[in-house]
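Asker:
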Amino acid sequence: MSLYRDVGVVLRVGKLGEADRIVTLLTRRYGKVRAVAKGVRRTGSRFGARLEPFAHVDVQLHTGRTLDVITQVQTLDAFGMGIVGDYRRYTTACAALETVDRIVAEEHEPVLRVYLLTVGALRAFSGRDRDPSLVLDSFVLRAMAFAGWSPALGECARCGLAGPHPAFSVAAGGTICAECRPTGAVRPATTTIRLLNALLNGEWAVAEESGEAVRGEASGLVAAHLQWHLEHRLRSLPLVERHAAAASEARERDSSNPVPELIRQRAIGVDDPVEHATPFGADQRGPSQSDSAQAESAQPDSATGPGKS
85 MSLYRDVGVV LRVGKLGEAD RIVTLLTRRY GKVRAVAKGV RRTGSRFGAR
135 LEPFAHVDVQ LHTGRTLDVI TQVQTLDAFG MGIVGDYRRY TTACAALETV
185 DRIVAEEHEP VLRVYLLTVG ALRAFSGRDR DPSLVLDSFV LRAMAFAGWS
235 PALGECARCG LAGPHPAFSV AAGGTICAEC RPTGAVRPAT TTIRLLNALL
285 NGEWAVAEES GEAVRGEASG LVAAHLQWHL EHRLRSLPLV ERHAAAASEA
335 RERDSSNPVP ELIRQRAIGV DDPVEHATPF GADQRGPSQS DSAQAESAQP
385 DSATGPGKS
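In this note's numbering, each number is its position in the sequence shown, counted from 1, plus 84.
(1) Going by alpha carbons, who is nearest to Arg149 out of Ser86, Gly98, Thr159?
(2) Are the beta-carbon atoms belonging to Leu321 and Ala307 less than 9 angstroms from one another?
(3) Where does His316 sit, in a helix, a strand or coil, going by DSSP?
(4) What's the gap between the Cα of Phe364 and the Cα of Val97?
(5) Between the Cα of Gly166 and the Cα atoms of Gly300, Tyr199, Arg214, which residue gives the shortest distance?
(6) Look at Val28 and Val143 and say whether their C-beta atoms are less than 9 angstroms apart.
(7) Are Gly115 and Val224 close, meaning C-beta to C-beta below 9 angstroms?
(8) Any chance you could list the beta strand (DSSP E) runs of at least 3 consecutive residues sitting entirely within the stretch 111-176, in chain order?
(9) Can you check which of these residues, Ala231, Glu296, Leu245, Ala269, is closest to Thr275 by C-alpha distance?
(10) Whose C-beta lies closer than 8 angstroms to the C-beta of Val188 among residues of the same chain, with five residues either side of it excluded?
(11) Just mark Glu136 as buried or exposed, buried being the case when its beta carbon has 16 or more other beta carbons within 10 Å.
(12) Do Pro266 and Ala255 have their CB atoms nearer than 9 angstroms?
(13) Looking at the unbroken beta strand (DSSP E) that takes in Gly258, where does it start and where does it end?
(14) DSSP three-state call for Ile207: helix, strand or coil?
(15) On the three-state DSSP scale, how would you describe Arg278?
(16) Under three-state DSSP, which class holds Gly238?
(17) Straight-line CA distance for Tyr88 to Phe131?
(18) Given a cut-off of 9 angstroms on the beta-carbon distance, is the pair His313 and Met228 in contact?
(19) Is Pro216 buried or exposed, if buried means 16 or more other CB atoms sit within 10 Å of its CB?
(20) With burial defined as no fewer than 16 other Cβ atoms inside 10 Å of the residue's Cβ, what is the status of Arg126: buried or exposed?
(21) Measure from the alpha carbon of Leu218 to the alpha carbon of each residue in Ala291, Leu100, Asp104, Thr155, then state which is nearest.
(22) So what does DSSP say about Ala291, is it helix, strand or coil?
(23) Between the Cα of Thr183 and those of Leu201, Cys243, Leu245, Glu193, spot the shortest distance and give me the residue it belongs to.
(24) Taking 6 angstroms as the limit between beta carbons, can you name the residues of its chain near Asn281, skipping five residues before and five after?
(25) Quick one: what's Asp90 bridged to in DSSP?
(26) Do you know offhand how far Tyr171's Cα is from Ser210's?
(27) Alpha carbon to alpha carbon, how far is Cys240 from Val120?
(28) Applying the criterion that 16 or more other CB atoms from any shown protein chain within 10 Å of the CB defines a buried residue, is Ala177 buried or exposed?
(29) How far does the alpha helix (DSSP H) with Ala227 in it extend, from its first residue to its last?
(30) If we count the other Cβ atoms within 10 Å of its Cβ and call it buried at 16 or more, is Pro248 buried or exposed?
(31) Between Ser129 and the rest of its own chain, which residues show a CB-CB distance below 7 angstroms, the 5 nearest in sequence each way excluded?
(32) Does the distance from the CB of Phe138 to the CB of Val94 come in under 9 angstroms?
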C-alpha cells in the first residue's frame with residue numbers, strides 16, 4: 085500500500101466500530117478525503133484529540149481498499165480552541181464546514197481554492213476580529229462562486245440587463261429586472277444588495293458598517309440561495325445564533341465575571357441570585373431532561389463534527 089502525506093482541515097468525524105472513527109478531511113492536494121483513524125476513541129490514543137472538527141493538521145495516510153487509513157497526524161493550527169467556547173462562533177463554523185462538505189462532492193479531486201477559503205474562514209472564526217455572521221455569509225458566497233452558483237448582484241439574472249435591480253429571486257439566481265421578475269421574488273433593501281456585493285468581494289469596511297437589520301436580510305438571502313442549489317437543507321444552519329456583536333461580547337463578559345452582576349442585582353433589591361449561562365447556554369445547576377434531549381438533537385449524528393450525510 086502506498087503512503088502519501090498532505091495538510092488538511094477536519095470537516096467531520098463519525099464512529100466506526102468500537103474504537104475507530106471515519107474522518108472527513110479537506111486536503112490541499114488531494115481534495116476531500118475520507119479515512120479511518122484506528123483506535124482514536126480509546127483513552128490511550130496517540131492522536132485522537134488532533135482529529136477533531138476545525139483542526140488544521142499535517143496527516144500521513146496509506147491507501148486502503150475502500151477507505152484510506154491515517155497513520156500519523158501533526159497539528160498545524162488548533163482553530164477549535166478559539167471557536168468551541170463561543171456558541172455563535174461554534175455554530176457559524178459548523179455551518180461553514182457543513183457547506184464545504186456539501187459543495188465538495190467528489191473525493192480525491194483537488195480543490196485548492198476551497199481549501200484556502202476554508203482555512204481562512206476558520207482563522208477568522210477563531211481570531212474574534214470580525215462578526216462571525218458576516219464571516220459565514222462571506223464564506224458561503226465565495227464557496228458558491230467556486231461551485232458556479234454565485235448570485236447575480238449587478239445585473240439581471242435572466243436577461244443580463246445591467247443593474248441595480250429592486251427584486252431578488254432565489255430560483256432565478258439573483259437580482260431580477262422588472263420585466264423578468266417572477267412570482268415569489270422579494271424586494272430587499274438597496275443596502276442589502278450592497279452588503280452582499282461587499283461580502284462577495286471582501287470589502288470588509290463596507291460590510292462592517294451595515295446595520296443588524298440589513299445583515300439579517302442578507303443572511304436570509306444567502307441561506308436560501310445556498311440551500312436552493314444544494315437541494316438539501318443544512319442541519320447546522322438553523323442553530324446559528326445571529327445577534328449583535330456587542331450583545332455577544334456583553335454576554336461573554338457577564339458569564340466570565342458574574343460577581344459584579346450579582347452584587348448589582350442585590351443592590352437594587354432582587355432577592356434571587358442571577359443565573360448565568362455557560363457559552364453553550366446550559367444552566368449551571370445541571371441540564372434537565374428536556375435540555376439534554378435538545379442538546380442531543382442539535383448534535384450531528386454519531387460525530388462531533390457538522391454535516392454528516
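Just so you know, even glycine gets a beta-carbon here, dropped at the ideal spot from N, CA and C. Predicted model only: the values in this text are computed from it and were never measured.
Answerer: The short version:
(1) Ser86
(2) yes
(3) coil
(4) Because Phe364 sits at a pLDDT of 38, beneath the cut-off of 50, its placement in the model cannot be relied upon, and the following sentence gives the value as read from the coordinates. If I take the Cα positions, the gap works out to 21 angstroms.
(5) Arg214
(6) Lying outside 85 to 393, the shown extent of the chain, residue 28 is not represented and no answer is given.
(7) Result no, Cβ atoms of Gly115 and Val224 do not sit closer than 9 angstroms.
(8) 115-121, 139-146, 152-162
(9) Measuring C-alpha to C-alpha distances from Thr275 to each of Ala231, Glu296, Leu245, Ala269 identifies Glu296 as the nearest.
(10) Correct list, in chain order: Leu110, Gly115, Lys116, Val195, Val198.
(11) buried
(12) Contact flag set, yes.
(13) Taken as a continuous stretch (DSSP letters only), the beta strand (DSSP E) holding Gly258 covers 258-260.
(14) Sequence check: residue 207 is Arg here, not Ile. Of the three classes helix, strand and coil, the one that applies to Arg207 here is helix, per DSSP.
(15) helix
(16) coil
(17) 18 angstroms
(18) yes
(19) buried
(20) Flag for Arg126 reads exposed.
(21) Ala291
(22) helix
(23) Nearest option by C-alpha distance: Leu201.
(24) Leu237
(25) Checking the DSSP bridge columns, you'll see Asp90 partnered with Val143.
(26) 12 angstroms
(27) 47 angstroms
(28) Note on Ala177: 16 or more other CB atoms within 10 angstroms of its CB, so buried under the neighbour-count rule.
(29) 216-231
(30) Exposed, because fewer than 16 other Cβ atoms sit within 10 Å of the Cβ of Pro248.
(31) Gly123
(32) With respect to the 9 angstroms criterion, Phe138 and Val94 are classified as neighbours on the basis of their beta carbons.
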